[in-house]
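Each remark here refers to the structure printed beneath this line.
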């Protein structure tokens with residue numbers, strides 16, 4: 164302990180390690196010795212090849228081979244395939260529809276010349292999108308359907324019907 168304190172060595176075990184290294188190599192190395200790689204080059208190539216041939220899935224490769232960890236395999240993959248981009252997380256860009264298309268969709272929804280599904284297919288969107296547009300433009304309190312107008316052909320006049328009724332009664 165006195166030697167460690169006087170020389171300023173970090174610990175008893177460090178002193179033992181330095182002594183054994185001096186005995187083995189007849190000298191102490193300068194600086195830190197690089198750590199031996201945990202995986203061989205062959206293992207690395209096998210892992211990258213498995214990743215490439217089995218759907219480019221990091222999790223499946225790790226599960227199938229039992230090595231390496233996610234960070235190590237991801238680093239190997241990025242080194243082997245630099246053209247691959249990082250995984251997209253979060254929201255991806257949704258298509259932006261012009262206001263004219265939204266207005267046409269809401270007008271079509273309210274005039275109801277056809278079903279909402281047919282209208283949505285014509286506009287190239289899904290049916291709930293039409294209702295979302297309606298909520299954006301008119302607010303959620305607006306009814307989804309306006310009252311239908313009576314577009315049926317005019318019925319014979321009321322007086323004509325009354326005359327027919329009288330003739331039938333007599």
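In this note's numbering, the protein residues as written are 164 to 333.
Idealized CB from N, CA, C, for every residue including glycine.
The beta carbon of residue 225 lies closer than 8 angstroms to those of 231, 232, 233, 236 in the same chain, with the five residues before and after it left out. Remark: fewer than three beta-carbon pairs, one from each stretch, lie closer than 8 angstroms, so the segment 207-219 and the segment 173-186 are not flagged as touching.
With 16 or more other CB atoms across the displayed protein chains lying within 10 angstroms of its CB, residue 268 is buried. Here DSSP, grouped into helix, strand and coil, assigns residue 242 to helix. Per DSSP, the continuous alpha helix (DSSP H) segment holding residue 291 begins and ends at 290-301. Each residue's CA atom was taken as its position, placing residue 263 and residue 274 some 16 angstroms apart. Under the DSSP assignment, residue 333 falls outside any alpha helix (DSSP H); it carries neither an H nor an E label. Between the alpha carbons of residue 329 and residue 321 lies a distance of about 13 angstroms. CA-to-CA, the gap between residue 220 and residue 302 works out to about 44 angstroms.
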